[in-house]
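**Q** For reference, each letter of the sequence shown is one residue, going 1 to 152 in UniProt numbering.
By construction, the Cβ of each residue, glycine as well, lies at the ideal position given by its N, Cα and C atoms.
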Amino acid sequence: MEKLDALDFKILDLYQKNGKYTYSQIARELHVSEGTIRQRSKKMVNSGVFDFIIKIDPIKLGLSVKAIIGINVKVGKQDEVGKWLASFKEIICVDSVSGYHHFIVQAYFNDNERLLRFVNETLAQSTSIHQLDVSIQLKAYKDVLGYSLTDK
Numbered sequence: 001m002e003k004l005d006a007l008d009f010k011i012l013d014l015y016q017k018n019g020k021y022t023y024s025q026i027a028r029e030l031h032v033s034e035g036t037i038r039q040r041s042k043k044m045v046n047s048g049v050f051d052f053i054i055k056i057d058p059i060k061l062g063l064s065v066k067a068i069i070g071i072n073v074k075v076g077k078q079d080e081v082g083k084w085l086a087s088f089k090e091i092i093c094v095d096s097v098s099g100y101h102h103f104i105v106q107a108y109f110n111d112n113e114r115l116l117r118f119v120n121e122t123l124a125q126s127t128s129i130h131q132l133d134v135s136i137q138l139k140a141y142k143d144v145l146g147y148s149l150t151d152k
């Protein structure tokens with residue numbers, strides 16, 4: 001996709017404010033045609049600039065424990081372990097990072113007992129993991145799905 005222009009950024013900003021906006025609502029807000037908004041939106045979606053997704057509240061599903069797990073692995077096993085970690089439904093994010101840990105993983109569990117079993121039974125199966133640190137989220141101060149384009 002060619003470089004985004006000011007109209008594209010305005011469209012993205014409105015979608016971030018309310019992902020339920022219709023093409024016609026955005027067109028009215030930006031004083032352009034509905035066809036322009038439809039074309040620009042589809043072009044950005046097709047090129048991977050953004051996508052429409054839903055955000056589920058894990059707590060409403062009974063997943064009240066969010067764990068952040070720092071994991072260190074044996075040299076040469078990072079790609080293998082990263083793909084293995086990504087295969088678990090409990091894990092919502094696997095990031096390979098620089099610094100003290102090789103991975104930072106975010107996962108949700110029904111309760112502390114399930115988290116404990118996941119660590120002691122599931123993760124313990126890997127002979128490539130040599131250290132991990134588990135932290136439980138106490139309170140979320142910010143939880144967004146993407147990058148904010150404006151200061152508002």
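What are the boundary residues of the alpha helix (DSSP H) that G70 is part of?
**A** G70 -> not in any alpha helix (DSSP H); beta strand (DSSP E) instead, spanning V65 to V73.
**Q** Are the beta-carbon atoms of G70 and H31 separated by less than 7 Å?
**A** no
**Q** Check whether the region 37 to 56 touches the region 12 to 19, taking contact to mean three or more Cβ pairs, one atom from each stretch, closer than 8 Å.
**A** yes
**Q** Looking only at its own chain, which residues have a Cβ that is under 7 Å from the Cβ of K96, when we skip the five neighbours before and after it?
**A** It is Ser, not Lys, that sits at residue 96 in the sequence shown. Excluding the 5 residues flanking it on each side, S96 has same chain C-beta neighbours closer than 7 Å at Q78, G82, H102 and F103, in chain order.
**Q** Unbroken beta strand (DSSP E) runs of length 3 or more, entirely within the region 75 to 126: which are they?
**A** 91 to 96 and 103 to 109
**Q** Whose C-alpha, out of N46, Q39 and K66, is nearest the C-alpha of A140?
**A** K66
**Q** How would you call L149, buried or exposed, if buried means at least 16 neighbouring beta carbons within 10 angstroms?
**A** Classification for L149: exposed.
**Q** With distances taken between CB atoms, is the gap from residue 203 to Y108 smaller than 7 Å?
**A** For residue 203 there is no data in the structure shown, the boundaries of the chain being 1 and 152.
**Q** Could you pull the start and end residues of the alpha helix (DSSP H) that F16 belongs to?
**A** For the record, residue 16 in the displayed sequence is Gln; it is not Phe. Here the alpha helix (DSSP H) through Q16 covers A6 to K17.
**Q** Which term fits L115, buried or exposed, when burial requires 16 or more other beta carbons within 10 angstroms of its beta carbon?
**A** buried
**Q** May I ask you to report which of helix, strand or coil DSSP gives V144?
**A** coil
**Q** By the DSSP assignment, the beta strand (DSSP E) with S135 in it spans what residues?
**A** I129 to I136
**Q** In or out: I136 buried (at least 16 other Cβ within 10 Å) or exposed?
**A** exposed
**Q** Going by the CB atoms, is the gap between D8 and R28 shorter than 7 Å?
**A** The answer is no: Cβ separation not under 7 Å.
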